[in-house]
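Structure, as structure tokens:
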Amino acid sequence: MTKYNWGIIGTGWIAHEMADALQAVKGEVYAAANPNEISLKKFAAEKNIKHLFTNPDEMIQDPNIDIIYIATPHTFHYDYIKKALKAGKHVFCEKAITVNADQFDEVEKLAKDKHLILSEGFTLYHMPIYQKVKKLIRDGKLGQIKLVQVNFGSLKDYDPNNRFFNKDLAGGALLDIGGYATAFARMFLSKQPESILTTVKFFETGVDEQSGIILKNTKDEMAVMALSMRAKQPKRGVISGTKGYIEISNYPRTTEAQITYTASAHEERHETINAGSTSEALEYEIKDMERYISQGHDDGELAISRDVAHILTSVRTSWGMKYPFDENNRI
Numbered sequence: 018m019t020k021y022n023w024g025i026i027g028t029g030w031i032a033h034e035m036a037d038a039l040q041a042v043k044g045e046v047y048a049a050a051n052p053n054e055i056s057l058k059k060f061a062a063e064k065n066i067k068h069l070f071t072n073p074d075e076m077i078q079d080p081n082i083d084i085i086y087i088a089t090p091h092t093f094h095y096d097y098i099k100k101a102l103k104a105g106k107h108v109f110c111e112k113a114i115t116v117n118a119d120q121f122d123e124v125e126k127l128a129k130d131k132h133l134i135l136s137e138g139f140t141l142y143h144m145p146i147y148q149k150v151k152k153l154i155r156d157g158k159l160g161q162i163k164l165v166q167v168n169f170g171s172l173k174d175y176d177p178n179n180r181f182f183n184k185d186l187a188g189g190a191l192l193d194i195g196g197y198a199t200a201f202a203r204m205f206l207s208k209q210p211e212s213i214l215t216t217v218k219f220f221e222t223g224v225d226e227q228s229g230i231i232l233k234n235t236k237d238e239m240a241v242m243a244l245s246m247r248a249k250q251p252k253r254g255v256i257s258g259t260k261g262y263i264e265i266s267n268y269p270r271t272t273e274a275q276i277t278y279t280a281s282a283h284e285e286r287h288e289t290i291n292a293g294s295t296s297e298a299l300e301y302e303i304k305d306m307e308r309y310i311s312q313g314h315d316d317g318e319l320a321i322s323r324d325v326a327h328i329l330t331s332v333r334t335s336w337g338m339k340y341p342f343d344e345n346n347r348i
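Under the numbering used here, the first residue of the sequence shown carries the number 18, and numbering increases by one thereafter.
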């Protein structure tokens, strides 16, 4: 494997998971950064990280680092992505990669101009089972895709001060979990949706607590999504076509897909396919990221992320929900 050094910005739970995955794949985490020195030193001691920075900007400038992994709250992603790309670093950023479509378009262009890889941390982009599912669809086994249904519901503790409900930190279900549902839906629609219908229930802090979203593209393919942050839902996706449907549970890190073939309205045939390991989800992300760098391009994931960013921004616009930092009042 080519030697790429990773630097982590952030020390939260997902940074802990990524550090473990980096150690499993590469044997080490090269560097970590966090302005909170106590959290940083604790994280470094647990993960045996030798190069520490209380100023993330200094880590970004380290010439020994090839890839910056961003695991901060959403509102910090945009600035760190720009700084990293301008410093000549490849970037792997947790979802939501940016808080609006304008920010996404800017960093996507910057990455392209700099000939650098920019990738968003959706595990479902990298789970091996999806390669099998996509091939099955390409081979026509489901016929013409008509409808995608996808749910994602968390049960967050009631705490208006938590970042999940904090408008200043881009809280709400849409950017916390909605990206996963939207990425799943977009992966199985052949074109970007142009028609969006949605309704929302706001939390007392002004962020979205739960919502229903319907998407339709010019080929009349539809997606129906349900998101919630104060009501648990199964992470379940269904892809339906004229010859059958696929059910995928726990879709962000799934290893199994259940297929029902419907040759007619009166007969069914069932099949289950498997691939990958849930415990290796972040290891797949690491390996794919390094493969993208080696080959000079990704496999189309950033284009899906672009469409997701634009869908999420359109949904927010229809709700009239703005974050304090939305630029130029375009949202």
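Glycine included, each C-beta is placed from N, C-alpha and C at the ideal position.
Predicted model only: the values in this text are computed from it and were never measured.
Cβ-Cβ separation between phenylalanine 205 and isoleucine 162: approximately 6 Å, consistent with a contact (criterion under 8 Å).
The beta carbon of arginine 286 sits closer than 6 Å to the beta carbons of Tyr278 from its chain, once the five residues preceding and following it are set aside; these are given in chain order. In its chain, beyond the 5 residues on either side, His91, Ala113 have a beta carbon closer than 6 Å to the beta carbon of leucine 192.
By the C-beta criterion, the segment 128-147 is judged to be in contact with the segment 291-298, since at least 3 inter-stretch pairs fall below 8 Å. Considered as a whole, the segment 179-223 harbours 212-219 as its complete beta strand (DSSP E) runs of no fewer than 3 residues, in chain order. In this structure, the alpha-carbon of asparagine 168 lies about 33 Å from that of glutamine 40.
In the DSSP annotation of this structure, alanine 248 is not part of any alpha helix (DSSP H); the continuous beta strand (DSSP E) holding it starts and ends at 247-250.
Closest option to alanine 88, judged by alpha-carbon separation, among Phe70, Glu111, Tyr97, Gln312: Glu111. Contact between the segment 226-235 and the segment 253-269 is absent: fewer than three C-beta pairs spanning the two stretches fall below 8 Å. According to DSSP, phenylalanine 70 shares a beta bridge with Ala50. Minimum Cα-Cα distance from serine 212 among the listed residues Asp237, Thr199, Met35, Ala198 corresponds to Asp237. Sequence-distant Cβ neighbours of lysine 184 in its own chain, meaning closer than 8 Å and more than five residues away, are Thr222, Gly223, Val224, Tyr340, Pro341. Here serine 294 carries a coil assignment [DSSP, helix/strand/coil]. Distance from the CA of histidine 314 to the CA of glycine 24, rounded to the nearest whole angstrom, comes to 21 Å. Per DSSP, the continuous beta strand (DSSP E) segment holding alanine 280 begins and ends at 273-281. Bridge pairing for isoleucine 256: Val165, Ile263 [DSSP]. A straight-line Cα-Cα distance of about 15 Å links lysine 149 and aspartate 316. A Cβ-Cβ contact shorter than 8 Å links methionine 239 with leucine 164. Proximity to threonine 289 across Ala101, Ser266, Ala118 peaks at Ser266, based on C-alpha coordinates.
By DSSP's assignment, glutamate 284 forms a beta bridge with Ser281. DSSP, read as helix, strand or coil, puts aspartate 343 in coil. Closest in C-alpha terms to glycine 29, from the list Lys43, Asn51, Glu137, comes Asn51. Judged by beta-carbon spacing, methionine 242 lies within the 8 Å limit of threonine 199, meaning their Cβ atoms are closer than that value. DSSP places aspartate 83 in the coil class of the three-state scheme, outside both helix and strand.
In the three-state scheme derived from DSSP, where H, G and I count as helix and E and B as strand, threonine 92 is classed as helix. Isoleucine 26 sits close to proline 73, with the two beta carbons spaced by under 8 Å. Excluding sequence positions up to five before and after glycine 170, its CB lies within less than 6 Å of the CB of Ser245, Ala248, Lys249, Gln250, all in the same chain and listed in chain order.
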